[in-house]
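Position 90 of the sequence shown, counting from 1, maps to 90 under the UniProt record's numbering, and the rest follow consecutively. We put the CB at the ideal spot given by N, CA and C, even for glycine.
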Amino acid sequence: MSTHEVFPSSSSEEPSAAAYVKITTTRNGPAFAASVPAKEAGRLLETSHLVFSISGTVIAPPAMAKAVEVAGLGMPWQMTAALLALAAALPLTCYLAALRRRV
């Protein structure tokens, strides 16, 4: 088992006043832990929401294209293009709607 800390602490305990990320690898796979101080929790949620929205916008169109190809629906290219545009727009739209709700 190996552990890699991005911001290692000087003691064996986890830091309580600073943010940290800890990645542990075991035979069953990696384990990921992250922590931030309570006053910064909102910023962590906003940042993770942004990251997942951008990731979804980038990953969704190729995934949708592969799904349409595998399903072999025989749709016209216009319908396929509309599905790919929808797959790209939905994650970003969800992020923008959440951002607007917060304001």
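The alpha-carbon of ALA33 is positioned some 43 Å away from that of MET75. Proximity to ALA65 across SER53, THR80, ILE54, PHE52 peaks at THR80, based on C-alpha coordinates. Using a 10 angstroms sphere on the CB of ALA97, the tally of other CB atoms stays under 16, which defines it as exposed. As the crow flies, the alpha-carbon of CYS94 is around 14 Å from that of VAL58. For PRO30, no alpha helix (DSSP H) encloses it; the enclosing beta strand (DSSP E) starts and ends at 29-35.
Judged by DSSP secondary structure, LYS66 falls within the alpha helix (DSSP H) whose first and last residues are 41-71.
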